[in-house]
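These notes concern the structure reproduced below.
Shown next, in the form of structure tokens:
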């Protein structure tokens, strides 16, 4: 599974949300500066070449759908980020977010409760 560029990832999130989409449908969902239609079409074709989407052909137009799930992508790249930036330690991840004040004490307690329920 190849890493996506930021723009590819943005487009992939839209396709995951829509589940099936023509390029014009993806264009309608873009909230930032909209690329030219041909540029967007090229990005979607690149996603297909990388194995993230496939398509159904209807004449000259294609309806794209995800092949890689959002969950599979998240797992692959979260595991990679944790390995490279946090020495493969989930404890270091949680500590980082706590120090950055991105996670509250209540959130941490909820995580502990979830872990304890699993055991």
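Residue numbers (our numbering): 13 to 131. Yeah, the Cβ is synthetic: ideal placement off N, Cα and C, and Gly gets one too. All values reported here derive from a predicted model rather than from experimental measurement.
Cα-Cα, which of the options is closest to residue i?
i          : options             : result
residue 51 : 35, 60 and 43       : 35
residue 23 : 73, 39 and 110      : 39
residue 31 : 17, 56 and 77       : 77
residue 60 : 109, 13, 127 and 87 : 13
I'd like the span of the beta strand (DSSP E) that includes residue i, first residue to last.
i          : result
residue 67 : 65–70
Would DSSP call residue i helix, strand or coil?
i          : result
residue 43 : coil
residue 48 : coil
residue 73 : strand
Please tell me whether residue i and residue j are closer than 7 Å, where the distance is taken between their beta carbons.
i           : j           : result
residue 64  : residue 80  : yes
residue 28  : residue 111 : no
residue 55  : residue 21  : no
residue 115 : residue 109 : yes
Kindly indicate the opening and closing residues of the alpha helix (DSSP H) around residue i.
i          : result
residue 92 : 82–97
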